[in-house]
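Protein chains in written order, with the numbering used here: chain C, 1 to 599; chain Z, 600 to 911.
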């Protein structure tokens, strides 16, 4: 159940704690769930404090005349239990016991968890690994059984039992605090230099205090519920000292379930009101920390659904395939819904074409929308993305109107993709070979697919294809992984290959080899290639034409040679200049040599 | 892989030794009147001294613990102070009841959590919200209330299943199932809430990763992406939560056995607690810790098997 207590990462707003505190308090006050649960908790505490005044009998006093007395009896207005005790006064006493149990258990676990979490997170190393080992050990214990087995030691006192429970629940708090301290400390390494004067410890405790406080309140609420439920559970089992408790009331009512089921109602109501308000408060507090409310989330969900529906209706009608180029994109826009339902457009009316056998570069800095454009063509944008276009077609077939199944059939033989970061684009749990074979199994039997993948691995320059075929991704190098991904992309003879910065993540020497490989494969298979890159060197090396993008717009389109000699747009000029500088700095010899060869 | 397993095994043995010695020293070390408890207030001091000697309670604690653990290794857990029944024999009579219930509960938890978690991750919407509600409900309503509610509904109002009692599977599998289905379902409710939420969370995280997009770009079906690739990679964190849920289910079985009057290890342990029957308490502790350590070890092996970096 610990995942419900998952901490939000270190909060950047920690820098303005006072402001954040006010914001959270305001958000809580506006949330009826939070207010309701706090009021319930306060009312129950008050009732239990006023018990001597508002009850007429001791919770342990039994009266023979009031055995199983019905609700509303004079002086026993919630009725009497099977031993003739006043249910009302027992209920109030039970609230007190539950609250005490919660306070002890929660207090102990928070103190232990925070102290050791701070030390382990701050000092690190040996202490951290020892503490983490011990707390993991505690986490793996059968808590309830150990509490019961140790009852002879605690002499049945529920307070001592709750103390033990607090110790056994402390690993959750420990983990939370430790991870957050480590997170804060990592961020502080950068800031620490700026803030001379203050000791790291001082900054750490101040930062950590504000960062950790919210998640700890949430976790404390959950721990309090666990304590209350365990206390009630043990009392239900009838082990431990004979104190009035929800558990013993439920146990009593359970034996009376056939005759007087109403007796079960009061302790259940009391217990659920208590734990329920704790949990609902924790949920509301979490929402307040995250700056969302359930209502707002629901609103935004509805808004997004509306937007997507509109887009779905609009898109197919707007598409009129002209079928001139192999890949035609005209006035492509991509937008994402904001939480309030309005649209945030990130790509604005981009147009490009790629003819068969042609290599087109899509150039721009990071954030210019080039990768978004590429993913839109592949149909691989996140679900919430709203894509509209006057035309987006491959081989005359409209892309945006396709069903997911049609799109899936298109991927592979129609359009294929080479990613930027090779290592994160292979499934770590499966062998390289099995991942590549999987895509081919749609069209050929397993043996043949395996044969084809082995051939391809050899073709992309992998020295020992058999071995790489059976390797897991973590066993091969980044350059090898990129060759594998290229093999995976061309395996299905795609008409269009979309390569997203295929060399950026690689060493300079490997970059040149991969570019050479791409050029060879493109000629061999007569593929059209859309090459997404920020590097004009790569463009000059491989491309026939180029589309320059900036801030989600296409600012210039043309032949590579023409753009290099007479860039029309200021931005293109600066891009070429800056990248030439970079080239000379890197002394990227193989690329420039290949460039001359290409012309 | 072998080294990894050995390390986990050693760590498991340490846990067993630490916990049993902790319980041993806490119980024997703090209670000075074991023999007096057994014989009752009317016994003479002489009788008490003789019993103390017979039980070996006059010897140093460390010696007693060493004796206990060496015979425990040989499967001898001593005899009950009060019934003189061997603890090991008593446990082997009672554990099948508990295990029937826990195993069925674990199976229900696994199947339901996978179904709910996968659906919630793939579809979102209603299933997702139902899952969140189950989570809150399982926290707010303690297992005893859920159990009593189910008994009231299914055994008393609807009369679909017997409300109490246990039928061994060897006598009648049908009646066996009828006798444990309600307890098992009750136990599973809490487990499903935690595990399904974890499966959903890990799956959603996995589905956002780069390699999933690349698999999609090759035309791999959504079914294979979700059921094969994402699930395989999400299984690690889910297994860790599963081992915690198992401990929770095993612990909660104490309540369930009481409510459904099942003759499992719970009533045995509870009696021993009330009486101060220490050999029984130690035996129950040992069995539960060994069980927990074994489950954790199995989960570790599964983790290692799932993760090629550990396996190869």
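Here a beta-carbon is modelled for each residue, glycine too, at the ideal position from N, C-alpha and C.
Just so it is clear, the structure is predicted and the values come from calculations on it, not from any experiment.
Query                                                                                                                                                                     : Result
Which residue marks the beginning of the alpha helix (DSSP H) containing residue 128/C, and which one marks its end?                                                      : 125-139
Does any residue of chain C bring its CB to less than 9 Å from the CB of residue 895/Z?                                                                                   : yes
List, in order along the chain, the chain Z residues whose C-beta lies closer than 8 Å to that of residue 424/C?                                                          : 808, 809, 810
Can you tell me the Cα-Cα spacing of residue 796/Z and residue 700/Z, whole angstroms?                                                                                    : 23 Å
Mind checking if residue 370/C is an interface residue toward chain Z, Cβ cutoff 9 Å exclusive?                                                                           : no
So is residue 252/C in contact with chain Z if we call contact Cβ pairs under 9 Å?                                                                                        : no
Of the residues that make up the stretch 468-489 of chain C, which ones have a beta carbon closer than 8 Å to any beta carbon in chain Z?                                 : 472, 474, 475, 485, 488, 489
Specify the secondary structure class of residue 144/C as computed by DSSP and reduced to three states.                                                                   : helix
Between residue 328/C and chain Z, is any beta-carbon pair separated by less than 9 Å?                                                                                    : no
Under 7 Å Cβ-Cβ, which residues of chain C neighbour residue 770/Z?                                                                                                       : Here the premise fails: no neighbours, minimum Cβ distance about 27 Å.
Taking the alpha helix (DSSP H) that residue 385/C falls in, what are its first and last residues?                                                                        : That residue, residue 385/C, is in no alpha helix (DSSP H); it is neither H nor E in DSSP.
Is the shortest distance between the beta-carbon of residue 177/C and the beta-carbons of chain Z less than 9 Å?                                                          : no
I'd like to know whether the C-beta of residue 462/C is nearer than 9 Å to at least one C-beta of chain Z.                                                                : no
Just checking: is the beta-carbon of residue 149/C within a distance shorter than 9 Å of some beta-carbon in chain Z?                                                     : yes
Please list, in chain order, the chain C residues whose beta carbon lies closer than 8 Å to that of residue 832/Z.                                                        : 427, 428, 429
I'd like the list of long-range same chain contacts for residue 902/Z, defined as Cβ closer than 8 Å, with 5 residues on each side in sequence excluded.                  : 835, 838, 839, 909
Is residue 555/C closer than 9 Å to residue 548/C when the C-beta atoms are compared?                                                                                     : yes
Looking at the structure shown, is residue 406/C part of a helix, part of a strand, or coil, going by DSSP?                                                               : helix
Do we get a CB-CB distance below 9 Å when we pair residue 158/C with the residues of chain Z?                                                                             : no
So, is residue 444/C buried or exposed, given that buried needs 16 or more other C-beta atoms within 10 angstroms?                                                        : exposed
Along chain C, in chain order, which residues have C-beta atoms closer than 9 Å to that of residue 751/Z?                                                                 : 257, 261, 264
Does the contact criterion of 3 or more C-beta pairs under 8 Å hold for the stretch 462-477 of chain C versus the stretch 394-404 of chain C?                             : no
With 16 other CB atoms within 10 Å as the buried threshold, where does residue 501/C fall?                                                                                : buried
Mind the definition here: the stretch 380-398 of chain C touches the stretch 788-806 of chain Z only if three or more C-beta pairs lie below 8 Å; say whether that holds. : no
Within its chain, find whatever has a CB closer than 8 Å to the CB of residue 312/C; leave out the 5 residues flanking it on each side and keep chain order.              : Bear in mind that the predicted position of residue 312/C carries a pLDDT of just 49, short of 50, making it too unreliable to give a figure here.
What residue range is occupied by the uninterrupted alpha helix (DSSP H) comprising residue 774/Z?                                                                        : 772-806
Between which two residues does the beta strand (DSSP E) containing residue 330/C stretch?                                                                                : 327-337
Is it right to say residue 892/Z is buried, meaning 16 or more other beta carbons lie within 10 angstroms of its own, or is it exposed?                                   : buried
Are the C-beta atoms of residue 849/Z and some chain C residue less than 9 Å apart?                                                                                       : yes
For chain C, find out if any of its Cβ atoms is closer than 9 Å to the Cβ of residue 712/Z; answer yes or no.                                                             : no
Quick check on the DSSP output: the beta strand (DSSP E) that includes residue 349/C runs from which residue to which?                                                    : 343-354
I'd like the list of long-range same chain contacts for residue 650/Z, defined as Cβ closer than 7 Å, with 5 residues on each side in sequence excluded.                  : 634, 637, 638
Would you please verify whether the beta carbon of residue 229/C is less than 9 Å from any beta carbon of chain Z?                                                        : yes
Just verifying my parser: in three-state terms, what is the DSSP assignment at residue 359/C?                                                                             : strand
Roughly how many angstroms lie between the CA atoms of residue 459/C and residue 533/C, to the nearest whole one?                                                         : 24 Å
Let me know the secondary structure DSSP gives residue 559/C once reduced to three states.                                                                                : strand
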